[in-house]
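Notes for the one structure printed next.
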Amino acid sequence: MKLISEKVRINKYDNLRGLAILLIILGHLPLILSDFNGLDHKIIYLIHLPILFFVSGYFSKIGENEPIKSFKRLFIPYIIFSIINKFFSMFILNNPAEGLFIYPRAALWFLISLFLMKMFLPIYNKFKYPILTAIIIAIFAGLLNIDGDLLGITRAISYMPIFLIGFYYKNNNSANIPYFSNLKSKKSYLTILIIFIIVSCIIINFIPFNTLLLKYPYKDKFILNIFLRLLIISLGIIFALLFNKIMTNKKCFLTTFGRNSMAIYVLHHYFTVEIKKIYVSTPFIINNTIISIIIVYGSAFVLAYILSRDFVTKYLNKFIDGIYNIFAKPD
276 MKLISEKVRI NKYDNLRGLA ILLIILGHLP LILSDFNGLD HKIIYLIHLP ILFFVSGYFS
336 KIGENEPIKS FKRLFIPYII FSIINKFFSM FILNNPAEGL FIYPRAALWF LISLFLMKMF
396 LPIYNKFKYP ILTAIIIAIF AGLLNIDGDL LGITRAISYM PIFLIGFYYK NNNSANIPYF
456 SNLKSKKSYL TILIIFIIVS CIIINFIPFN TLLLKYPYKD KFILNIFLRL LIISLGIIFA
516 LLFNKIMTNK KCFLTTFGRN SMAIYVLHHY FTVEIKKIYV STPFIINNTI ISIIIVYGSA
576 FVLAYILSRD FVTKYLNKFI DGIYNIFAKP D
């Protein structure tokens, strides 16, 4: 069996993660297509989280030391930045958010959701059909009256199928997964992706934004909501697999974004809230679609570029490690 080199594999999946993290920043900036039912944010949310969870699953492992690694890499940063965001909200935004650790703020839900996924990965792996089991649990979890913001639990459940697909994709080797096997070139996949994006835009235009978030319980119309959740999860899976097929293995700006994605993720919130303030307080920008696109997309790229610098990740890791070492026993 031909093995994929570690270098090639890292570049490709760092690029995917870099694309996802750039879309995350865009998703946290102001709507541009507000006249089109927020279509830009809808398609961003339909694409970026599946990619991110797919890649996270790809790099996940089952092992004796994995829980403590996840605790250090995900849970500790979640606690640290929950505290930082609490003070930021109180003294900068004058908005004392409630539920310091129970209700994640500043997009920190992803860290705790991913932590929970990694903790439950060995359990799902015991099932004969883990992905099917995860899909069934995901679509019926909406019947439970769980607060959508509570510890990121509902989204951990909802995105678990995509996370597992990433995990098993790696373990079974991409050569053994023959989806779209009759297509030979990336141009074919790119054509399919473009068509799929257009079709998805038409579909999600009729789906409420809150439904796309996959975190709220079904209030009524249970059959319809079960169908919609299954549809959204299915679209996310297809997007993750298509982007995985077309993504380059070459190093590019996305590689650095992906390699240093933690720094971008936990820090971008403190800048996007200020960018939003400037945006909404400047009529010239709001009333000009072209200028809005340049400002929003340009801001996202510049912010990702700055926060992806190696020195930012270096000092962030030192900060997190320093706090972790205060409480952890020495090796």
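Heads up: the sequence shown is residues 276 to 606, going by the numbering used here. Glycine included, each C-beta is placed from N, C-alpha and C at the ideal position.
- Query: Going straight from the alpha carbon of LEU499 to that of ILE479, what length do you get?
  - Reply: Here residue 499 corresponds to residue number 224 of the sequence shown, with the count starting at 1. Here residue 479 corresponds to residue number 204 of the sequence shown, with the count starting at 1. Each residue's alpha carbon lies about 14 Å from the other.
- Message: Quick check on ALA295: buried or exposed, where buried means 16 or more other Cβ atoms within 10 Å of its Cβ?
- Response: The sequence position of residue 295 within the sequence shown is 20, counting from 1. Buried.
- Item | As assigned by DSSP and simplified to three states, the class of MET537 | Here residue 537 is taken as the residue at index 262 of the sequence shown, counted from 1. Helix.
- Rounded to whole angstroms, what's the CA-CA distance from LYS347 to TYR599? Just pull it up for me. Position 72 of the sequence shown holds residue 347. Position 324 of the sequence shown holds residue 599. C-alpha of LYS347 to C-alpha of TYR599: approximately 7 Å in a straight line.
- Message: Comparing C-alpha positions only, which one of ILE319, ILE322, VAL330 sits nearest to ASN290?
- Response: Taking the sequence shown and counting its residues from 1, one reaches residue 290 at position 15. Closest by alpha carbon: VAL330.
- Item | Helix, strand or coil at PHE334 [DSSP, three-state] | Taking the sequence shown and counting its residues from 1, one reaches residue 334 at position 59. In the structure shown, the three-state DSSP call for PHE334 is coil.
- What is the DSSP secondary structure of GLU339, reduced to helix, strand or coil? Numbered from its first residue, the sequence shown carries residue 339 at position 64. The answer is coil: DSSP assigns GLU339 none of H, G, I, E or B.
- Item | Candidates MET365, ILE437, PHE559: closest to ILE322 by CA position | Within the sequence shown, residue 322 is the residue found at index 47, counting from 1. Nearest option by C-alpha distance: ILE437.
- Out of curiosity, what's the CA-to-CA distance linking TYR540 and PHE356? Taking the sequence shown and counting its residues from 1, one reaches residue 540 at position 265. Taking the sequence shown and counting its residues from 1, one reaches residue 356 at position 81. Between TYR540 and PHE356, the C-alpha separation is close to 11 Å.
- Query: Taking just the CA atoms, how far does LEU349 sit from LEU386?
  - Reply: In the sequence shown, residue 386 corresponds to position 111, counting from 1. In the sequence shown, residue 349 corresponds to position 74, counting from 1. Near 5 Å, if we compare the C-alpha coordinates of LEU349 and LEU386.
- Message: So the candidates are ILE472, LYS445, LEU439, LEU383; which of them puts its Cα closest to the Cα of ILE319?
- Response: In the sequence shown, the residue the question calls residue 319 occupies position 44. The shortest C-alpha separation from ILE319 is found at ILE472.
- Message: Give me, in chain order, the residues of the same chain whose beta-carbon lies closer than 6 Å to that of SER345; leave out the 5 immediate sequence neighbours on both sides.
- Response: One-based indexing of the sequence shown puts residue 345 at position 70. Closer than 6 Å at Cβ, skipping near neighbours: PHE390, LYS393.
- Message: According to DSSP, is PRO379 part of a helix, a strand, or is it coil?
- Response: Reading the sequence shown from its first residue, position 104 is the one you call residue 379. It is coil, neither helix nor strand.
- If THR429 and ALA409 are in contact, beta carbons under 8 Å, what's the gap, nearest whole angstrom? Locating residue 429 in the sequence shown gives position 154, where the first residue counts as 1. Locating residue 409 in the sequence shown gives position 134, where the first residue counts as 1. About 14 Å separates the CB atoms of THR429 and ALA409; that is not less than 8 Å, and the two are not in contact.
- Message: Measuring straight from C-alpha to C-alpha, what distance separates SER335 and ILE398?
- Response: Along the sequence shown, read from residue 1 onward, the residue named residue 335 stands at position 60. Along the sequence shown, read from residue 1 onward, the residue named residue 398 stands at position 123. Using only the alpha carbons, I get a separation of about 14 Å.
- Where does ILE601 fall in DSSP's three states? Within the sequence shown, the letter at position 326 stands for residue 601. If DSSP states are grouped into helix, strand and coil, ILE601 belongs with the helices.
- Message: For the pair the stretch 553–560 and the stretch 506–513, tell me if three or more CB-CB distances fall below 8 Å.
- Response: At 8 Å Cβ cutoff, the stretches do not touch.
- Specify the secondary structure class of CYS476 as computed by DSSP and reduced to three states. Residue numbering aside, residue 476 sits at position 201 when the sequence shown is read from its first letter. Of the three classes helix, strand and coil, the one that applies to CYS476 here is helix, per DSSP.
- Message: Please report the distance separating the alpha-carbon of ALA515 from that of ILE467.
- Response: Taking the sequence shown and counting its residues from 1, one reaches residue 515 at position 240. Taking the sequence shown and counting its residues from 1, one reaches residue 467 at position 192. C-alpha separation (whole angstroms): 13 Å.
- Query: Ends of the alpha helix (DSSP H) at HIS543?
  - Reply: Here residue 543 corresponds to residue number 268 of the sequence shown, with the count starting at 1. Taken as a continuous stretch (DSSP letters only), HIS543 belongs to no alpha helix (DSSP H), as it is neither H nor E.
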